[in-house]
Amino acid sequence: MKKILVVYYTQSGQLKTIVDKILSPLSQNNTYTIDYFKIEPIDDFPFPWTNDTFYDCMPESVEGITIPVKAFDKQGDYDLIILAYQVWFLSLSIPFWSMLQDKKLKALLNHNNVITILGIRNMWVNAQKRLLNYFKANKVNHVGNLVFADPNSNIISVITVLKFLTTGKKKPYKNLPPYGITKQKLETLTKFGELMELSLSTNNWSGFQEGVVKNKGVSLKFSIKTTEMAAGRIFKLWAAFIRKKGGPGNPDRKVRLKIYEYYLLFLIFFISPISSSIFSLAGIVFYPLTKKGMNRILLMQRK
Ligand SMILES: Cc1cc2nc3c(=O)[nH]c(=O)nc-3n(C[C@H](O)[C@H](O)[C@H](O)COP(=O)(O)O)c2cc1C
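Under the numbering used here, the letters of the sequence shown match residues 13 to 315, in that order.
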């Protein structure tokens, strides 16, 4: 009998749906038991969000400020631990990062095989960097990384995600596609569970990530990655600037948050279409040079 643990957080349920689909070949096989631990903040974030609460969590997401969460209560030997998370403001979501500070969970992750599964809009590399540092510090054996993003253009997905997050409606506009992973893509996810089963049954994870990448299990575009790396640096400055006026919910930081909101929308709707086109072109022209870096991220190779 092999044991799998899934630690996850989700607001709309999208990420849980993704995880369940991936694991369906294993959950139907009685050689495997799957335990779930749902991350529950003591004081959870709202869903749907109001405009103000949404932007108000930017500084703390970026700076990695934690909140109290329900204590981790699983124990035992697991053959695989799955950490399923989403990105908030180019950083690890606050509930997920807070959960990772739990001593019991840290102890369980130590020297264990871990797969990360992300259900996001389209930007994740900056957030994963923090997680990889955490893995290194806690001696986590990171054996796989699966990333599922909204398949639409950056602008379309910003429009649909903002509306989705503030209304809870997956298809908020008649003339635009629904936000998130498509039904067709969802149906293809079982193959990643089959790949996991192969590695679990043979106790051999070498080649697992290659299989994931070959089957389009990691969404990564050069232009998006380059845009988010630039934005990630700027977000840090904004986070520090806003936090000078106080912590979450402090009315003194409202003006700065509003300026950030307008700045972000300007960046997305006016600057990023231009920069993305330039980055896309650069990605093609300098493909031999960029290929190595992109493959390193896809295949989780350390520098
Ligand atoms: C506060 C907040 C900030 C977000 N920022 C990002 C981001 O920077 N990059 C990204 O790809 N997705 C971002 N998203 C979208 C989430 O990663 C995710 O797709 C969405 O919240 C649905 O996840 P769920 O499973 O929790 O419902 C953000 C969502 C929220 C709520």
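Just so it is clear, CB atoms sit at the ideal spot from N, CA and C, and this is done for glycine as well.
Residue i: CB within 7 Å of a non-hydrogen atom of ligand 1
{"i": "phenylalanine 66", "result": "yes"}
{"i": "valine 99", "result": "yes"}
{"i": "asparagine 63", "result": "no"}
{"i": "glutamine 26", "result": "yes"}
{"i": "arginine 133", "result": "yes"}
{"i": "leucine 121", "result": "no"}
{"i": "glutamine 140", "result": "no"}
{"i": "lysine 173", "result": "Before going on, a small fix: residue 173 reads as valine here, not lysine. Yes, since a heavy atom of ligand 1 falls inside the 7 Å radius drawn around the Cβ of valine 173."}
{"i": "glutamine 23", "result": "yes"}
{"i": "tryptophan 136", "result": "yes"}
Whole-Å CB distance - residue i paired with residue j, under 8 Å assumed
{"i": "leucine 17", "j": "isoleucine 94", "result": "7 Å"}
{"i": "isoleucine 30", "j": "leucine 38", "result": "Not really, about 14 Å apart at Cβ, beyond 8 Å."}
{"i": "serine 287", "j": "threonine 214", "result": "Not a contact, Cβ separation roughly 45 Å."}
{"i": "isoleucine 34", "j": "glycine 205", "result": "5 Å"}
{"i": "serine 110", "j": "threonine 78", "result": "4 Å"}
{"i": "phenylalanine 49", "j": "valine 19", "result": "5 Å"}
Residue i: first and last residue of the uninterrupted beta strand (DSSP E) it sits in
{"i": "leucine 95", "result": "92-97"}
{"i": "isoleucine 129", "result": "125-131"}
{"i": "phenylalanine 49", "result": "44-50"}
Span of the alpha helix (DSSP H), counted from its first residue to its last, around residue i
{"i": "leucine 17", "result": "Counting along the chain, leucine 17 falls outside any alpha helix (DSSP H), though it belongs to the beta strand (DSSP E) covering 14-20."}
{"i": "asparagine 145", "result": "137-149"}
{"i": "tyrosine 274", "result": "266-278"}
{"i": "phenylalanine 220", "result": "220-226"}
{"i": "glycine 305", "result": "299-310"}
{"i": "asparagine 166", "result": "166-179"}
{"i": "leucine 117", "result": "115-121"}
{"i": "phenylalanine 281", "result": "It is not in any alpha helix (DSSP H) - phenylalanine 281 carries neither H nor E in the DSSP assignment."}
With 16 other Cβ atoms within 10 Å as the buried cut-off, status of residue i
{"i": "glutamate 72", "result": "buried"}
{"i": "proline 263", "result": "exposed"}
{"i": "glycine 6", "result": "Since the first residue shown for the chain is 13 and the last is 315, residue 6 is missing from the structure and cannot be characterised."}
{"i": "arginine 265", "result": "buried"}
{"i": "alanine 164", "result": "Here residue 164 turns out to be asparagine, not alanine, going by the sequence shown. Asparagine 164 comes out buried."}
{"i": "phenylalanine 66", "result": "buried"}
{"i": "valine 74", "result": "buried"}
task = Would you check if the stretch 226-236 and the stretch 128-144 touch, i.e. whether three or more CB-CB distances between them fall below 8 Å?
result = Taking one beta carbon from each stretch, the stretch 128-144 and the stretch 226-236 have 3 or more pairs nearer than 8 Å; the two touch.
ask   = For the 8 Å Cβ check, are there 3 or more pairs between the stretch 242-251 and the stretch 180-187?
value = Here the stretch 242-251 does not lie against the stretch 180-187, with fewer than 3 beta-carbon pairs under 8 Å apart.
message = Check whether the stretch 141-157 and the stretch 211-227 are in contact - that is, three or more C-beta pairs closer than 8 Å.
response = Taking a contact to require three or more Cβ pairs closer than 8 Å, the stretch 141-157 and the stretch 211-227 qualify as touching.
query = If we count Cβ pairs, one from each stretch, closer than 8 Å, do we get three or more for the stretch 291-307 versus the stretch 135-146?
reply = Cβ pair count under 8 Å is below three, so no.
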